[in-house]
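Okay, so here's the structure we're looking at.
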Amino acid sequence: ERVYNFEVEGYHSYYADGIYVHNDYELPPSIAKKLKSLRIDGELKEAFEKSYSKNEAFRNAITGKEDLIKGWIVGIRTGVDDFYSHDPKTLASIVDYLSKQKLSVDQLVKRIPENVDFRLNWFKNVGKFGKVIGKKGDYVVEEAGEVFYRAIPNDHFDELIKGKKLLKPAEWKAKGLTRIGGEGSTSPKLGFSEDYNGVLVKYYLKKGTIDKFVTMGVSNKKPPLIKKYFGEMISSEEYKSITGKKWTLEKVQFKVESNDLNPPQVNIQFGKGKGVDVFNESLITIEIISRKND
């Protein structure tokens, strides 16, 4: 008689002297039910079983709070570091964000950028998204940063993902990308940008960026709304008459705009030069709101 003394990890199989040994203990009913409702099967289910059996903190966190599994799926499917796909606090923040934004797991996965640094910063800051701490004009300041919206063509978006920056006109022209305007318009509100083709992006910039833009600012025709929000500025026409230059290379323009669905608001245009540099240097992460054909 031969006696073997060894342990087989949960959900795993081994051979011992040619003998097949398998440990297939069952998941708790509430966990199994949640996996079924979320349609987790195949390789994703195997990955979950591995996480559940090996990571005690993760196992304890989701016991009785099975909705946190949604956060785990988001982390696994986007390929973020294991810490963030298993960290209870991060998982809770993701689930809270899903609820407040009324998004499905699939929809949120599509919003998270593929760039490694952008993605990591998204997960680091997800608990701060939507938590408004102030406003700069119409631009919202959240705990995660100052929020800007801007739509760009698909090929410009590909370059943003590759290089973590928006390209200046000289750069995108050299690459033969889709031609776009040179003013670099952004919007503080989602609705103002929704009718543009390409990729509608939500940008999180470091707090204090708008204050930097104000120090570089010129206004379009000096409307009272700009003075109300950001103080007195010379107009872009005055700047040109003084310097002989257009504002786009060295300044940032504050411009009042509106459309059929949105009342007048102050949009910030970062131009072609120094304003683009400040925008890129301040960029923390992005979120992909929607995609349309160019």
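According to our numbering, the sequence shown is numbered sequentially starting from 19.
No residue lacks a Cβ here, since even glycine has one placed at the ideal position from N, Cα and C.
Note that the structure is a prediction, hence the values are computed from the model and not measured.
Cβ-Cβ separation, LYS224 to SER300 (assumed contact under 8 Å), whole Å:
On the sequence shown, residue 300 is found 282 positions in, with the first residue counted as 1. On the sequence shown, residue 224 is found 206 positions in, with the first residue counted as 1. So it is a contact: roughly 4 Å between Cβ atoms.
Compute the Euclidean distance between the alpha carbons of PHE288 and VAL219, then round it to the nearest angstrom.
By one-based count along the sequence shown, residue 288 stands at place 270. By one-based count along the sequence shown, residue 219 stands at place 201. Roughly 16 Å between the two C-alpha positions.
Between the alpha carbons of ARG197 and ILE170, how many angstroms are there, rounded?
As a working mapping, residue 197 is identified with position 179 in the sequence shown. As a working mapping, residue 170 is identified with position 152 in the sequence shown. C-alpha separation (whole angstroms): 10 Å.
Where in the segment 237-295 do unbroken runs of the beta strand (DSSP E), each at least 3 residues long, occur, reported from the N-terminal end onward?
Taking only runs of at least 3 residues, the beta strand (DSSP E) segments lying wholly in the segment 237-295 are 270-275 and 283-287.
Just verifying my parser: in three-state terms, what is the DSSP assignment at PHE166?
Counted from its first residue, the sequence shown places residue 166 at position 148. Strand.
If the criterion is Cβ atoms closer than 7 Å, does the pair ILE112 and VAL92 meet it?
By 1-based counting over the sequence shown, the position of residue 112 is 94. By 1-based counting over the sequence shown, the position of residue 92 is 74. The answer is yes: Cβ separation under 7 Å.
For the segment 302-310 against the segment 278-293, do three or more pairs of beta-carbon atoms, one drawn from each stretch, fall closer than 8 Å, so that the two count as touching?
Three or more Cβ pairs closer than 8 Å define a contact, and the segment 302-310 falls short of that threshold against the segment 278-293.
Taking PHE141 as the reference, give the member of VAL150, ARG129 and ILE151 with the closest Cα.
To locate residue 141, count along the sequence shown from 1; it is residue 123. Of VAL150, ARG129 and ILE151, the residue nearest in Cα terms is ARG129.
Hey, out of ASN139, VAL270, SER103 and GLU164, whose CA is closest to TYR257's CA?
Translated into the one-based positions of the sequence shown, residue 257 becomes position 239. Out of ASN139, VAL270, SER103 and GLU164, VAL270 has the C-alpha closest to the C-alpha of TYR257.
Assuming the contact rule is C-beta atoms closer than 8 Å, TYR115 and GLY148 should be a hit. Round their C-beta distance to whole Å, please.
Taking the first residue of the sequence shown as 1, we reach residue 115 at position 97. Taking the first residue of the sequence shown as 1, we reach residue 148 at position 130. Their Cβ separation, rounded to whole angstroms, is 7 Å, which keeps TYR115 and GLY148 in contact under 8 Å.
Exposure of ASN238, with buried meaning 16 or more beta-carbon neighbours within 10 Å
For this step, residue 238 is matched to residue 220 along the sequence shown. Around the C-beta of ASN238, 16 or more other C-beta atoms lie within 10 Å, and the residue is accordingly described as buried.
If you drop the 5 nearest sequence neighbours on each side, which residues of the same chain put their C-beta closer than 7 Å to that of ILE151?
Here residue 151 refers to the residue found at position 133 of the sequence shown. So the qualifying residues of the chain are VAL159, GLU160 and GLU161.
Is the separation between the beta-carbon of ILE94 and that of LEU86 shorter than 7 Å?
In the sequence shown, counting from the first residue as 1, residue 94 sits at position 76. In the sequence shown, counting from the first residue as 1, residue 86 sits at position 68. Between ILE94 and LEU86, the C-beta gap is not smaller than 7 Å, which leaves the two residues out of contact.
Does TYR214 come out as helix, strand or coil in the three-state DSSP assignment?
Within the sequence shown, the letter at position 196 stands for residue 214. Under the three-state reduction of DSSP output, TYR214 falls in the coil class, being neither helix nor strand.
So, under 8 Å CB-CB, ILE302 and GLY163 are touching, yes? Tell me the CB distance rounded to an integer number of Å.
Mapped onto the sequence shown, residue 302 falls at position 284. Mapped onto the sequence shown, residue 163 falls at position 145. Confirmed, about 5 Å.
What is the DSSP secondary structure of GLY93, counted as helix, strand or coil?
Within the sequence shown, numbered from 1, the residue matching residue 93 stands at position 75. Three-state result, GLY93: helix.
What does DSSP give as the partner residue(s) for ARG309 in the beta ladder?
Residue 309 sits at position 291 when you count from the first residue of the sequence shown. Per DSSP, VAL217.
Test item: CB-CB of GLU84 and LYS52 under 7 Å
Taking the sequence shown and counting its residues from 1, one reaches residue 84 at position 66. Taking the sequence shown and counting its residues from 1, one reaches residue 52 at position 34. Closer than 7 Å, so yes.
Sequence ranges, beta strand (DSSP E) only - wholly within the segment 103-177, length at least 3
For the segment 103-177, whole beta strand (DSSP E) runs of length 3 or above, ordered along the chain, are 150-154, 157-160 and 163-170.
Quick one: is ARG57 buried, meaning 16 or more other Cβ sit within 10 Å of its Cβ, or exposed?
Position 39 of the sequence shown, counting from 1, holds the residue named residue 57. Burial call: exposed.
Taking the alpha carbon of LEU243 as the point to measure from, which residue in TYR157, VAL274 and LYS88 has its own alpha carbon closest?
For the purposes of this step, residue 243 is taken as the residue at position 225 of the sequence shown. When each option's Cα is compared against that of LEU243, the closest is VAL274.
What separation, rounded to the nearest whole angstrom, lies between the Cα atoms of LYS146 and TYR222?
Along the sequence shown, read from residue 1 onward, the residue named residue 146 stands at position 128. Along the sequence shown, read from residue 1 onward, the residue named residue 222 stands at position 204. Whole-angstrom Cα-Cα distance: 11 Å.
Going by CA-CA distance only, name the one from LYS54, LEU45, SER55 and GLY89 that's closest to LYS68.
The residue labelled residue 68 in the question sits at position 50 within the sequence shown. Comparing Cα-Cα distances from LYS68 to each of LYS54, LEU45, SER55 and GLY89, the minimum goes to LEU45.
LEU45 in three-state terms, based on DSSP:
Taking the first residue of the sequence shown as 1, we reach residue 45 at position 27. Of the three classes helix, strand and coil, the one that applies to LEU45 here is coil, per DSSP.
Candidates THR227, GLN119, GLU132 and VAL217, of which the one nearest LYS180 by Cα
Mapped onto the sequence shown, residue 180 falls at position 162. The shortest Cα separation from LYS180 among THR227, GLN119, GLU132 and VAL217 belongs to GLU132.
Where the alpha helix (DSSP H) through ASN314 begins and ends
The requested residue 314 is not part of the displayed model; the chain covers only 19 to 312.
DSSP three-state assignment for THR204, whether helix, strand or coil:
Locating residue 204 in the sequence shown gives position 186, where the first residue counts as 1. For THR204, the secondary structure class from DSSP, reduced to helix, strand or coil, is coil.
Could you tell me the alpha carbon to alpha carbon distance between GLU61 and LEU138, rounded to whole angstroms?
Position 43 of the sequence shown, counted from the first residue, corresponds to residue 61. Position 120 of the sequence shown, counted from the first residue, corresponds to residue 138. Approximately 24 Å, taken between the alpha carbons.
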